[in-house]
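J.:
What follows is the structure in structure tokens.
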């Protein structure tokens with residue numbers, strides 16, 4: 001089955017710096033989503049980008065999608081300690097209704 | 112709105128015992144999902160439902176059963192728990208693409 005794979009597995013930065021996470025997937029998709037998970041909590045949806053879109057913004061978040069390379073990136077600008085969490089990319093199953101999640105990137109923002 | 116709720120939050124079982132996890136959503140979403148999350152492995156789909164009365168297998172369905180008798184509820188059953196089923200279980204609902212997650216159930220099987 002197709003799967004998003006995040007890179008890096010873990011990232012540690014200083015508050016105020018930008019954080020970039022990457023996601024690669026294997027097969028064609030209709031859309032790609034990014035979710036955040038704070039420790040011990042459920043996932044929270046951040047942003048969805050469709051296969052015919054190349055870039056999308058939401059507040060301090062910027063997502064890009066390159067369908068030719070089967071990859072996406074999530075940029076968090078001017079990071080804050082509250083951004084400390086795990087970030088997951090998720091791709092849909094074009095043949096059905098399933099969403100496949102990657103293993104996630106653990107982001108730690110030091111105050 | 113409560114969103115997606117899960118019952119119970121924590122549970123400890125002995126090998127061979129059975130239990131049911133309850134997921135409820137008040138957003139009138141058609142689609143509902145059960146995932147398990149193990150350290151370093153992200154979320155793996157167990158079963159899902161695209162509407163009341165329907166269920167389908169995900170990536171890791173063995174050892175689990177589900178039912179969706181009412182649109183707002185999605186039940187996950189373990190008939191004979193095994194230590195390999197120790198995990199955190201998340202339920203999610205969706206109107207189509209975006210999923211809304213519950214807080215999770217931490218299950219330990221001894």
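Chains as they are written, first to last, in my numbering: chain B, 1 to 111; chain U, 112 to 221.
Cβ atoms here follow ideal geometry from the backbone N, Cα and C, with glycine treated the same way.
#1: Assuming residue 71(B) and residue 28(B) make a contact with CB atoms under 8 Å, what is their CB distance in whole Å?
#2: Does any CB atom of chain B fall closer than 8 Å to the CB of residue 209(U)?
#3: Return the residue from the list 209(U), 140(U), 152(U), 191(U) that minimises the CA-CA distance to residue 244(U).
#4: According to DSSP, what are the bridge partners of residue 7(B)?
#5: Run the CB neighbour count on residue 207(U), radius 10 Å, all protein chains shown included, and call it buried at 16 or more, exposed below.
#6: Between residue 164(U) and chain B, is any beta-carbon pair separated by less than 8 Å?
#7: Going by alpha carbons, who is nearest to residue 210(U) out of 154(U), 173(U), 188(U)?
#8: Grab me the residues of residue 137(U)'s own chain with a C-beta within less than 6 Å of its C-beta, minus the 5 sequence neighbours each way, in chain order.
#9: Would you please verify whether the beta carbon of residue 31(B) is less than 8 Å from any beta carbon of chain U?
#10: Taking the runs of the beta strand (DSSP E) that are 3 residues or longer, which of them lie wholly in the segment 141–186 of chain U?
#11: Cβ of residue 159(U) less than 8 Å from any chain B Cβ?
#12: Start and end of the beta strand (DSSP E) containing residue 106(B)?
#13: Identify whether residue 117(U) lies in helix, strand or coil by the three-state DSSP scheme.
#14: Using a Cβ-Cβ distance cut-off of 8 Å, determine whether residue 187(U) contacts chain B.
#15: Need the endpoints of the beta strand (DSSP E) that residue 92(B) sits in, please.
#16: Does residue 108(B) come within less than 8 Å of chain U when only Cβ atoms are used?
#17: In chain U, what lies closer than 8 Å to residue 61(B) by C-beta?
T.: From the atom records:
#1: Locating residue 71(B) in the first chain gives position 71, counting from the first residue. Locating residue 28(B) in the first chain gives position 28, counting from the first residue. Contact doesn't hold; Cβ gap of about 13 Å is too wide.
#2: Counting from one through the second chain, the residue named residue 209(U) turns up at place 98. Chain B, which has a Cβ nearer than 8 Å to the Cβ of residue 209(U), makes this yes.
#3: Here chain U covers residues 112 to 221 and nothing more, so residue 244(U) does not appear.
#4: As a first step, residue 7(B) must be located in the first chain, where it is residue number 7. Answer is 22(B), bridged to residue 7(B).
#5: In the second chain, the residue the question calls residue 207(U) occupies position 96. Counting Cβ neighbours within 10 Å, residue 207(U) comes out exposed, since fewer than 16 surround it.
#6: Taking the first residue of the second chain as position 1, residue 164(U) is located at position 53. Not closer than 8 Å to any Cβ of chain B, the Cβ of residue 164(U) fails to qualify, so no.
#7: As a position in the second chain, residue 210(U) is number 99, starting the count at 1. Considering only alpha carbons, the answer is 154(U).
#8: Counted from its first residue, the second chain places residue 137(U) at position 26. If we look at residue 137(U) and ignore the five residues flanking it on each side, its Cβ neighbours are 112, 113.
#9: Counting from 1 along the first chain, the entry for residue 31(B) is found at position 31. So yes, residue 31(B) belongs to the interface.
#10: 142–148, 154–160, 175–178
#11: On the second chain, position 48 is the one that residue 159(U) refers to. Residue 159(U) counts as touching chain B.
#12: Along the first chain, one-based indexing puts residue 106(B) at 106. Segment 105–110, the beta strand (DSSP E) holding residue 106(B).
#13: Residue numbering aside, residue 117(U) sits at position 6 when the second chain is read from its first letter. Of the three classes helix, strand and coil, the one that applies to residue 117(U) here is strand, per DSSP.
#14: Here residue 187(U) corresponds to residue number 76 of the second chain, with the count starting at 1. For residue 187(U), the answer is no, since every Cβ of chain B falls outside 8 Å of its Cβ.
#15: By one-based count along the first chain, residue 92(B) stands at place 92. Its beta strand (DSSP E) spans residues 85–92.
#16: By one-based count along the first chain, residue 108(B) stands at place 108. Judged by the 8 Å Cβ criterion, residue 108(B) is not in contact with chain U.
#17: Numbered from its first residue, the first chain carries residue 61(B) at position 61. Simply none; closest approach about 15 Å.
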